[in-house]
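**Student:** As you go down the protein sequences, you meet chains L and E in turn. Residue numbers for the first sequence follow my numbering, so the first one is 5 and each next one is one higher. Residue numbers for the second sequence follow my numbering, so the first one is 4 and each next one is one higher. Here a beta-carbon is modelled for each residue, glycine too, at the ideal position from N, C-alpha and C.
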Amino acid sequence: MNTITTQSPLATYIVRHADDNVIIGQRLAEYISRAPELEEDLAVANFALDHIGVANHLYTYAASVDGGQSDADALAMMRSEREFTNLLLVEQPHSDFGELMARQFLFDAYQVGLWGALSESSDETISGISQRAVKEAAYHLRHSSGWVIRLGDGTQESHDRMQSGIDRMWRYTEELFFSDELDQEMARAAIGVDPAILRTDWERVVDDVLEEATLTRPSDPYQTGGGRSGGHTEHLGKLLAEMQWMQRSYPGMTW
Amino acid sequence: MDPDAEEQMFAAVIAADEKIEPRDWMPDGYRSSLIRQMAQHAHSEVIGMQPEANWILRAPTLLRKAILIAKVQDEAGHGLYLYSAAETLGVSRDELQRLLHSGRQKYSSIFNYPTLSWADMGTIGWLVDGAAIVNQIVLQRTSYGPYSRAMVKICKEESFHARQGYSIMMTLVDGSEEQKAMAQDAIDRWWWPALMMFGPHDSESSHTEQSMAWKIKRITNDDLRQMFIDQTVPQAHYLGLTIPDPELAFDEETGHWNIGEIDWEEFWATIQGDGPLNRERIAHKTKAWDDGRWVREGASGYAAKNRSLDKSA
Ligand SMILES: [Fe+2]
Ligand SMILES: [Fe+2]
Numbered sequence: 005m006n007t008i009t010t011q012s013p014l015a016t017y018i019v020r021h022a023d024d025n026v027i028i029g030q031r032l033a034e035y036i037s038r039a040p041e042l043e044e045d046l047a048v049a050n051f052a053l054d055h056i057g058v059a060n061h062l063y064t065y066a067a068s069v070d071g072g073q074s075d076a077d078a079l080a081m082m083r084s085e086r087e088f089t090n091l092l093l094v095e096q097p098h099s100d101f102g103e104l105m106a107r108q109f110l111f112d113a114y115q116v117g118l119w120g121a122l123s124e125s126s127d128e129t130i131s132g133i134s135q136r137a138v139k140e141a142a143y144h145l146r147h148s149s150g151w152v153i154r155l156g157d158g159t160q161e162s163h164d165r166m167q168s169g170i171d172r173m174w175r176y177t178e179e180l181f182f183s184d185e186l187d188q189e190m191a192r193a194a195i196g197v198d199p200a201i202l203r204t205d206w207e208r209v210v211d212d213v214l215e216e217a218t219l220t221r222p223s224d225p226y227q228t229g230g231g232r233s234g235g236h237t238e239h240l241g242k243l244l245a246e247m248q249w250m251q252r253s254y255p256g257m258t259w
Numbered sequence: 004m005d006p007d008a009e010e011q012m013f014a015a016v017i018a019a020d021e022k023i024e025p026r027d028w029m030p031d032g033y034r035s036s037l038i039r040q041m042a043q044h045a046h047s048e049v050i051g052m053q054p055e056a057n058w059i060l061r062a063p064t065l066l067r068k069a070i071l072i073a074k075v076q077d078e079a080g081h082g083l084y085l086y087s088a089a090e091t092l093g094v095s096r097d098e099l100q101r102l103l104h105s106g107r108q109k110y111s112s113i114f115n116y117p118t119l120s121w122a123d124m125g126t127i128g129w130l131v132d133g134a135a136i137v138n139q140i141v142l143q144r145t146s147y148g149p150y151s152r153a154m155v156k157i158c159k160e161e162s163f164h165a166r167q168g169y170s171i172m173m174t175l176v177d178g179s180e181e182q183k184a185m186a187q188d189a190i191d192r193w194w195w196p197a198l199m200m201f202g203p204h205d206s207e208s209s210h211t212e213q214s215m216a217w218k219i220k221r222i223t224n225d226d227l228r229q230m231f232i233d234q235t236v237p238q239a240h241y242l243g244l245t246i247p248d249p250e251l252a253f254d255e256e257t258g259h260w261n262i263g264e265i266d267w268e269e270f271w272a273t274i275q276g277d278g279p280l281n282r283e284r285i286a287h288k289t290k291a292w293d294d295g296r297w298v299r300e301g302a303s304g305y306a307a308k309n310r311s312l313d314k315s316a
């Protein structure tokens with residue numbers, strides 16, 4: 005099977021956001037049956053479903069923008085590590101519930117701004133998908149920030165673990181606001197948004213929640229990025245190996 | 004009310020096919036049988052998440068992945084309904100979980116088998132949820148009100164699960180030779196364990212007689228099993244799959260499918276903790292619970308602090 009690549013800038017742009025969602029959906033799905041309470045198994049499954057649903061819509065649209073040569077499953081299952089363009093934050097594994105919620109909270113706060121801005125897109129399909137996604141993201145953010153606050157301001161142990169979750173994920177947050185040429189091109193065409201403009205609102209939400217949670221905003225200046233151009237951490241390849249295993253082992257079949 | 008009158012009232016409700024409600028008087032044995040059965044049922048829903056969660060990350064398409072996540076999520080929800088229904092009898096969910104973790108309460112033996120291919124997701128939906136439905140449709144008429152109402156809610160979702168499972172099987176048998184072989188291999192492994200889900204023969208079942216008298220149980224194990232066999236054999240034939248039982252034969256006189264003997268040694272071993280994955284299933288569950296301790300403590304620490312803040316304000 006040939007490698008699947010996107011052709012047009014628009015499809016490439018859509019696929020970045022689809023990639024973010026499928027990867028964080030997969031990370032959340034890992035946790036199902038492992039949560040601290042059954043209620044949380046339900047919630048995590050719910051968020052995984054929302055993210056995978058958004059990814060499916062976006063991939064489907066990207067495939068059609070490129071003339072229908074490919075489809076959502078091919079885009080998700082048949083591209084390699086270097087071709088995935090998700091943010092590094094979403095591919096990070098979690099070693100406990102604190103890291104899982106830290107990743108989710110930092111990402112939810114970003115997605116609320118992103119989908120809010122993309123709801124205004126001149127591209128009707130993108131704005132339609134975003135209008136639905138922004139409601140889901142707001143709900144996710146209420147849930148994840150609720151946990152950050154409860155755990156941050158809970159016991160000493162939960163405070164320390166929540167802090168170390170935030171510390172662990174913090175170095176991938178600059179990347180949320182990097183903007184490259186494609187972002188700027190899409191923003192000029194009023195199709196997309198320049199991620200740099202999302203920063204102020206994100207910082208306000210994050211600072212408010214961290215403060216209420218009695219947590220400290222990490223001061224370590226180290227930040228890393230590169231996901232949008234296929235430069236990943238070592239974690240993504242293993243995630244893809246598992247996610248893509250069926251389609252790679254039995255190519256071209258219907259399931 | 005004097006004790007005799009209470010007992011007569013209970014007997015009258017049962018005789019009239021009406022429901023016993025949490026505040027009604029009930030014999031101790033009725034209460035403890037219900038707790039045992041409902042807890043076992045709740046535990047089965049929750050432990051049953053594991054074999055299917057095992058394939059979520061590898062699901063072959065985004066749509067199949069979403070459907071499987073939704074199904075496992077439903078099972079968690081079923082566990083929740085059933086635990087809260089059991090709580091109406093005066094036990095707590097935490098206590099029931101402790102009994103599960105320590106092996107003093109059981110769950111359905113079927114979930115101790117490994118899921119080894121994608122076809123197992125089809126077979127579980129078709130056979131395991133299918134068998135659960137046969138059981139649960141009858142349990143809608145069970146004499147304890149909260150249990151009966153939980154079953155009505157749950158049955159709707161289970162039939163969706165069974166249809167999804169059958170749809171996976173249909174796709175596989177319409178597919179490549181490899182896919183067909185995968186489907187056959189799955190039914191080869193799951194057929195007998197699915198039949199064991201109905202429990203031992205009536206003659207071997209210690210609880211059947213009393214449970215039938217109290218109308219907790221409405222149809223015996225063997226009769227339920229037969230209903231399942233009769234509905235499933237034609238479906239397997241329609242799929243072009245072979246049921247792994249050389250003695251399987253249709254009895255023209257009774258109109259039922261007869262089967263060979265179930266391997267009861269395997270059944271009892273699995274019930275008693277020596278099935279293929281009993282230890283792993285409980286270890287997985289216990290680990291999740293232990294790993295989550297600091298989270299639960301954090302949440303209750305926060306709640307306690309905020310209660311006392313409210314008071315001082
Ligand atoms: Fe269920
Ligand atoms: Fe089910």
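Would you say MET173/E reaches chain L, if we count a Cβ-Cβ gap shorter than 8 Å as a contact?
**Tutor:** To locate residue 173/E, count along the second sequence from 1; it is residue 170. Not closer than 8 Å to any Cβ of chain L, the Cβ of MET173/E fails to qualify, so no.
**Student:** Taking contact to mean 3 or more Cβ pairs, one atom from each stretch, closer than 8 Å, check whether the stretch 148–167 of chain L and the stretch 89–106 of chain L are in contact.
**Tutor:** Flag = yes, the stretch 148–167 of chain L and the stretch 89–106 of chain L touch.
**Student:** Considering PHE163/E, what are the terminal residues of the alpha helix (DSSP H) in which it resides?
**Tutor:** Residue 163/E sits at position 160 when you count from the first residue of the second sequence. Start and end: 148–176.
**Student:** According to DSSP, is ILE36/L helix, strand or coil?
**Tutor:** Within the first sequence, numbered from 1, the residue matching residue 36/L stands at position 32. ILE36/L falls in the coil class under three-state DSSP.
**Student:** Say yes only if the C-beta of ALA135/E is nearer than 7 Å to one or more non-hydrogen atoms of ligand 1, and no if none qualify.
**Tutor:** As a first step, residue 135/E must be located in the second sequence, where it is residue number 132. Yes, since a heavy atom of ligand 1 falls inside the 7 Å radius drawn around the Cβ of ALA135/E.
**Student:** According to DSSP, is ILE50/E part of a helix, a strand, or is it coil?
**Tutor:** Taking the first residue of the second sequence as 1, we reach residue 50/E at position 47. Helix at ILE50/E.
**Student:** For my contact list, VAL19/L and ILE56/L are in at a C-beta cut-off of 8 Å; report their separation, rounded to the angstrom.
**Tutor:** Here the question's residue 19/L lines up with position 15 in the first sequence. Here the question's residue 56/L lines up with position 52 in the first sequence. At roughly 15 Å, the Cβ-Cβ gap does not stay under 8 Å, so VAL19/L and ILE56/L are not in contact.
**Student:** Return yes when at least one heavy atom of ligand 1 lies under 7 Å from the C-beta of ILE157/E, else no.
**Tutor:** Working through the second sequence from its first residue, we reach residue 157/E at position 154. It does: the Cβ of ILE157/E is within 7 Å (strictly closer) of some heavy atom of ligand 1.
**Student:** Ligand 2 and HIS164/E: does the residue's C-beta get closer than 7 Å to at least one heavy atom of that ligand?
**Tutor:** Indexing the second sequence from 1 puts residue 164/E at position 161. Yes, ligand 2 has a heavy atom inside 7 Å of this Cβ.
**Student:** Please decide whether THR64/E counts as near chain L, where near means a Cβ-Cβ distance under 8 Å.
**Tutor:** Reading the second sequence from its first residue, position 61 is the one you call residue 64/E. For THR64/E, the answer is yes, since a Cβ of chain L falls inside 8 Å of its Cβ.
**Student:** Could you give the distance in angstroms between the alpha-carbon of GLU9/E and the alpha-carbon of ARG107/E?
**Tutor:** Taking the second sequence and counting its residues from 1, the one referred to as residue 9/E is at position 6. Taking the second sequence and counting its residues from 1, the one referred to as residue 107/E is at position 104. The straight-line gap from Cα to Cα measures roughly 32 Å.
**Student:** Mind checking whether the beta-carbon of ASP132/E lies closer than 7 Å to any heavy atom of ligand 2?
**Tutor:** Taking the second sequence and counting its residues from 1, the one referred to as residue 132/E is at position 129. Within the cutoff, so yes.
**Student:** Specify whether the stretch 259–269 of chain E and the stretch 93–104 of chain E touch according to this definition: at least 3 beta carbon pairs, one from each stretch, less than 8 Å apart.
**Tutor:** no
**Student:** Determine the direct distance from the alpha carbon of SER74/L to that of THR118/E, and round the result to whole angstroms.
**Tutor:** Stepping through the second sequence from its first residue, residue 118/E is reached at position 115. Stepping through the first sequence from its first residue, residue 74/L is reached at position 70. Rounded to the nearest angstrom, the two C-alpha atoms are 31 Å apart.
**Student:** Against chain E, does ILE36/L count as a neighbour if the rule is that its beta carbon must be under 8 Å from one of theirs?
**Tutor:** If you number the first sequence from 1, residue 36/L lands on position 32. Yes, its Cβ sits closer than 8 Å to a Cβ of chain E.
**Student:** Please list, in chain order, the residues of the stretch 172–200 of chain E that have any C-beta partner in chain L closer than 7 Å.
**Tutor:** THR174, GLY178, SER179, GLU181, GLN182
**Student:** Between the stretch 204–212 of chain E and the stretch 19–28 of chain E, are three or more C-beta pairs nearer than 8 Å?
**Tutor:** Touching, no, given that fewer than three Cβ pairs across the two stretches are closer than 8 Å.
**Student:** Taking the alpha-carbon positions, what's the MET82/L to LEU240/L distance?
**Tutor:** Locating residue 82/L in the first sequence gives position 78, where the first residue counts as 1. Locating residue 240/L in the first sequence gives position 236, where the first residue counts as 1. Rounded to whole angstroms, MET82/L to LEU240/L spans 14 Å at the Cα level.
**Student:** According to DSSP, is ALA307/E helix, strand or coil?
**Tutor:** Here residue 307/E corresponds to residue number 304 of the second sequence, with the count starting at 1. In the structure shown, ALA307/E sits in a helix (DSSP, three-state: H, G or I).
**Student:** Please classify GLY304/E: is it buried, with 16 or more other beta-carbons within 10 angstroms of its beta-carbon, or exposed?
**Tutor:** Looking up residue 304/E in the second sequence gives position 301. With 16 or more Cβ atoms within 10 Å of its Cβ, GLY304/E is classed as buried.
**Student:** Any residues in the stretch 41–57 of chain E with a beta carbon nearer than 8 Å to a beta carbon of chain L? Which ones, in chain order?
**Tutor:** VAL49, MET52, GLN53, ALA56
**Student:** May I ask which residues mark the beginning and end of the alpha helix (DSSP H) holding ALA76/L?
**Tutor:** For the purposes of this step, residue 76/L is taken as residue 72 along the first sequence, with counting starting at 1. Taken as a continuous stretch (DSSP letters only), the alpha helix (DSSP H) holding ALA76/L covers 76–81.
**Student:** Taking all protein chains shown into account, decide if ASP23/L is buried (16 or more other Cβ within 10 angstroms of its Cβ) or exposed.
**Tutor:** In the first sequence, counting from the first residue as 1, residue 23/L sits at position 19. It counts as buried.
**Student:** With 8 Å as the threshold, decide whether the Cβ of MET5/L is near any Cβ in chain E.
**Tutor:** Along the first sequence, one-based indexing puts residue 5/L at 1. Because the pLDDT of MET5/L is 42, which lies under 50, any placement of that residue in the model is unreliable, and the number read from its coordinates should be weighed accordingly. At a cut-off of 8 Å between beta-carbon atoms, MET5/L makes no contact with chain E.
**Student:** Tell me whether the beta-carbon of GLN43/E lies closer than 8 Å to the beta-carbon of PHE114/E.
**Tutor:** What you label residue 43/E is simply residue 40 of the second sequence in a count that begins at 1. What you label residue 114/E is simply residue 111 of the second sequence in a count that begins at 1. Not closer than 8 Å, so no.
**Student:** Find the residues of chain L that neighbour ASP277/E, judging by a C-beta separation of less than 8 Å, and give them in chain order.
**Tutor:** Here residue 277/E corresponds to residue number 274 of the second sequence, with the count starting at 1. What ASP277/E touches in chain L: nothing, since even the nearest Cβ is about 23 Å away.
**Student:** If you compare alpha carbons, which of THR257/E, MET199/E, LYS183/E, LEU83/E is closest to ALA153/E?
**Tutor:** Taking the first residue of the second sequence as position 1, residue 153/E is located at position 150. Out of THR257/E, MET199/E, LYS183/E, LEU83/E, LEU83/E has the C-alpha closest to the C-alpha of ALA153/E.
**Student:** Within a Cβ cutoff of 6 Å, which residues of the same chain sit near ARG34/E, ignoring the five residues on either side of it in sequence?
**Tutor:** Translated into positions along the second sequence, residue 34/E becomes position 31. Excluding positions up to five away in sequence, the list reads LEU92.
**Student:** Closer than 8 Å, CB to CB, is LYS308/E near chain L or not?
**Tutor:** One-based indexing of the second sequence puts residue 308/E at position 305. It does: the Cβ of LYS308/E has a partner Cβ on chain L nearer than 8 Å.
**Student:** Could you spell out the range, first to last residue, of the alpha helix (DSSP H) harbouring HIS236/L?
**Tutor:** As a first step, residue 236/L must be located in the first sequence, where it is residue number 232. It is not in any alpha helix (DSSP H) - HIS236/L carries neither H nor E in the DSSP assignment.
**Student:** CB-CB under 8 Å to LEU151/E, same chain, minus the five flanking residues each way: which ones, in chain order?
**Tutor:** Along the second sequence, one-based indexing puts residue 151/E at 148. This sequence places Ser at residue 151/E; Leu is not what is there. Counting only Cβ-Cβ distances below 8 Å, and skipping sequence neighbours, we find LYS22, LEU142, GLN143, ARG144, THR145.
**Student:** Can you find a heavy atom of ligand 2 that lies under 7 Å from the Cβ of ASP77/E?
**Tutor:** Within the second sequence, residue 77/E is the residue found at index 74, counting from 1. Checking every heavy atom of ligand 2 against the Cβ of ASP77/E, one is found closer than 7 Å.
**Student:** Exposed or buried, which one is GLU283/E when buried takes at least 16 other CB atoms within 10 Å?
**Tutor:** As a position in the second sequence, residue 283/E is number 280, starting the count at 1. It counts as exposed.
**Student:** Please tell me whether ALA88/E has its Cβ less than 8 Å away from any Cβ of chain L.
**Tutor:** Here residue 88/E corresponds to residue number 85 of the second sequence, with the count starting at 1. Under the Cβ distance rule, ALA88/E does not count among the residues neighbouring chain L, no pair being separated by less than 8 Å.
**Student:** Does any residue of chain E bring its CB to less than 8 Å from the CB of SER162/L?
**Tutor:** Residue mapping note: residue 162/L aligns to position 158 of the first sequence, counting from 1. By this cut-off, SER162/L is an interface position.
**Student:** Determine, using beta carbons only, whether ALA153/E comes closer than 8 Å to chain L.
**Tutor:** By one-based count along the second sequence, residue 153/E stands at place 150. By this cut-off, ALA153/E is not an interface position.
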